[in-house]
Amino acid sequence: MSSIAPPRGRTASALLLVLAAVPIAAMLFEVLRAPRLHFLDYWSVFGRITEPDGDLNPRGVLTYQNEHPMFLPGLLFWAEAKLLGGFNQVLGFIDVVVAGATVFLMRRLLPPELGDTRRAALTAAFSFLLFSTSGLHNFAFGFSGTGWLSANLAAVGAILLTLRGKHVWALVVGLVGCACYGTAFALWPALAVINWLRRQRVRWVVTPLVACLAIVVVWAFTYGPKPSLNRGNPLGLDSYLATVAATLGQLWSTNIDIATGTGTVTALLVAGFAWLAVRRRLATSENHPQTPWVGVAVYAAGAATMISVARAGAGLTPTDTGRYASIPALALCAVLALVVISWPVLSTVRVVALAMTIGLTTYAIGSAQAANVRSQFGSQPLLAVAMRTGADAVVTEFRAKPDTVPAVKGIGAYPFNGGFTLGCKGLELGGRVDLASIPDLPERPDDAGNAGFVETPVRGDAVIGGWAFAGDKRADCVLVTDRHGMIKGGGLVGIPRPELMTVLGVAESRGGWRAVASPDLDGGVIIVSTKDGLRRVSAGVPR
6 MSSIAPPRGR TASALLLVLA AVPIAAMLFE VLRAPRLHFL DYWSVFGRIT
56 EPDGDLNPRG VLTYQNEHPM FLPGLLFWAE AKLLGGFNQV LGFIDVVVAG
106 ATVFLMRRLL PPELGDTRRA ALTAAFSFLL FSTSGLHNFA FGFSGTGWLS
156 ANLAAVGAIL LTLRGKHVWA LVVGLVGCAC YGTAFALWPA LAVINWLRRQ
206 RVRWVVTPLV ACLAIVVVWA FTYGPKPSLN RGNPLGLDSY LATVAATLGQ
256 LWSTNIDIAT GTGTVTALLV AGFAWLAVRR RLATSENHPQ TPWVGVAVYA
306 AGAATMISVA RAGAGLTPTD TGRYASIPAL ALCAVLALVV ISWPVLSTVR
356 VVALAMTIGL TTYAIGSAQA ANVRSQFGSQ PLLAVAMRTG ADAVVTEFRA
406 KPDTVPAVKG IGAYPFNGGF TLGCKGLELG GRVDLASIPD LPERPDDAGN
456 AGFVETPVRG DAVIGGWAFA GDKRADCVLV TDRHGMIKGG GLVGIPRPEL
506 MTVLGVAESR GGWRAVASPD LDGGVIIVST KDGLRRVSAG VPR
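Under the numbering used here, the first residue of the sequence shown is numbered 6, with each subsequent residue one higher.
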């Protein structure tokens, strides 16, 4: 009967597990509102793995991406585009599942002796850390998380398998992780450390190290020439140590000095717990529940070191992007678990307070990184239109690759499928409007609060911008037609233009619009849709 938790304890555990679901639900919401179109390096990978007709290019799948083996994520990109339409949100949902599975497996690493409430508190903290707003990059930019997060899942899964004596399966899962992303290379020393601390047979200590050596050698001889990087001033040992510390501390601040300080504390705690584990191993034959968490800490520290050496050598700052956030998150999870396991005298209330303080604090601090990610959403609708209209200059401007567009079109992925729309009341590319029947918006607001202006030249294969209001409300959508009324492009509305509230005296702060049209645009005309119907924006119209 003593093992049965009292009702109050069961209630607290249930509430904490519900709390653990909150950051997961919040991240699902972020994925839902992220753009449909993929971002950044996705296009490099997709263009490499896909033939112009949409067929898979196996050689491209087995090619490194920025020196990283992204073999399985690349295959996933192709399969998702082929079967599910090539939407950014699909990869984002997969990333949420992968990170959620990582939280679940980390909970399985916690010893039952902690009790349900403490384990639930740590699980909630793990969830807030792995789904931290600092790491929004890996979910909203779905392609990114398929590499980083899947490698982490493989690492935690391999550690759990090792803990249960399933060494061969641990090695297999480790190889899968290495086919997902290069940070999984750091798993092999972690497995060796765990097996040594648990007094496993020598072969299970040596085999992971041999596997690591073999993988690194193969990688070194196959990844090809390093890209040319501007390394800036010469670096010393201090430069690399500072970058490692900043990487481990980036969840606490985007300020490089603060991140370096907090990361140094994290690194010292990891080193301290590792040393205690070694001393315990030498002094007693008892297996300690700290051991798997020492392995998680070793993996996170190793991955952070790998990242940092490359970043420091390129003269880059790890706090500039949230793509690395999952690594310091794992390190913090390990440190938190090690603290609670090492000091069982800590009361349950104090454990809950400690776990929630760390989880909620890092989650709130990440809002600056999250805002940076969300600020990049606005260009994607324009990029989708640019791809559909063949506006290659705009495609390049928005950091995609025009030479990948044939592959996207060949496989029928977004924006070359039914998921694409200009969102303008059924008016789509190639359609027509009767220009003669569409009234103009005045340059200055009239008595009804109608006005519009074109601020850039109206030409094809370029970003066109301006503002428009109707009844003091922003436009619903924007179109670009040629002189005959054929729809040649479109864009997005609702762009913040708060200065117009003062200049024009209107009540709408998001009256801006941006559009793009095909290169063959002839006599461009800007049309916006309002609650009163279509209106022409003729004021300004620089040619």
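Even glycine gets a Cβ: it sits at the ideal position worked out from N, Cα and C.
Residues in the same chain with beta-carbon distance under 6 Å from V357, minus the five sequence neighbours each way, listed in chain order, please. A126
Strand pairing of A130, partner residues [DSSP]: A130 is not bridged to any residue.
Would you report the Cα separation of T265 and A473, rounded to the nearest angstrom? 47 Å
Which one or two residues does DSSP pair with S534 in a beta bridge? C482 and L539
By Cβ distance, which residues of its chain are closer than 8 Å to S8, with the 5 residues on each side in sequence left out? Because S8 sits at a pLDDT of 46, beneath the cut-off of 50, its placement in the model cannot be relied upon, and the following sentence gives the value as read from the coordinates. So no residue of the chain qualifies.
Looking at C-alpha atoms only, which residue of S49, L253 and F190 is the closest neighbour of V222? F190
According to the neighbour-count rule (16 or more other Cβ atoms, all chains shown, within 10 Å of its Cβ), is A512 buried or exposed? exposed
What is the DSSP secondary structure of H73, reduced to helix, strand or coil? strand
Exposed unless 16 or more other CB atoms sit within 10 angstroms - verdict on F421: buried
Would you please state the rounded distance, in angstroms, between the beta carbons of G499 and R479? I believe it to be under 8 Å. 6 Å
For L80, which residues of its own chain have a beta-carbon under 7 Å away from its beta-carbon, when the five flanking residues on both sides are left out? V66
Boundaries of the alpha helix (DSSP H) in which A334 is found, first to last residue: S331 to S347
Among the residues of its own chain, which have a CB less than 8 Å from the CB of L387, if the five just before and after it don't count? V399, F403, V468, G496, L497, R519, A520 and V521
Smallest Cα separation from R286: which of F109, L246 and W201? W201
Can you tell me where the alpha helix (DSSP H) with A219 in it begins and where it stops? V207 to T227
Selected residue, minimal CA-CA separation from F144, among L88, L484, I332 and L37: L37
Are V459 and V542 touching if we call contact CB-CB under 8 Å? yes
Three-state secondary structure (DSSP) of I469: strand
Candidates N455, V215 and G241: which alpha carbon is nearest A544's? N455
Please identify the residue among A453, Y47 and G395 whose C-alpha is closest to the C-alpha of D477. A453
Give a yes or no on whether the C-beta atoms belonging to A160 and Y304 are separated by under 8 Å. yes
Got a sec? Which residues, its chain only, sit under 7 Å from I363 by beta carbon, not counting five neighbours each side? A130, L337 and L341
If you follow the beta strand (DSSP E) that L119 is in, where does it begin and where does it stop? Where L119 is concerned, there is no enclosing beta strand (DSSP E), given that its DSSP letter is neither H nor E.
For V546, name the three-state secondary structure that DSSP assigns. coil
CB-CB under 8 Å to H172, same chain, minus the five flanking residues each way: which ones, in chain order? L166, N200, Q205, W209 and T212
Pull the bridge partners of G496 from the DSSP assignment, please. A520
With hydrogens ignored, establish whether the beta-carbon of R15 is closer than 7 Å to any heavy atom of the ligand FMN. What this structure holds is no ligand at all, so the ligand FMN is not there to describe.
Rounded to whole angstroms, what's the CA-CA distance from T122 to G162? Just pull it up for me. 23 Å
DSSP on D100, reduced to helix/strand/coil? helix
Terminal residues of the continuous beta strand (DSSP E) containing F458? A456 to V459
Would you mind giving the Cβ-Cβ distance between N93 and R41, rounded to the nearest angstrom? I have them listed as a contact below 8 Å. 6 Å
Give the straight-line distance between the Cα atoms of A184 and G152, rounded to the nearest whole angstrom. 9 Å
In three-state terms, what does DSSP make of R404? coil
Rounded straight-line distance, which links the Cα of T507 to that of G147: 39 Å
Does the distance from the CB of V438 to the CB of L539 come in under 8 Å? yes
Given a cut-off of 8 Å, decide if D537 and A475 are closer than it, judged by their beta-carbon atoms. yes
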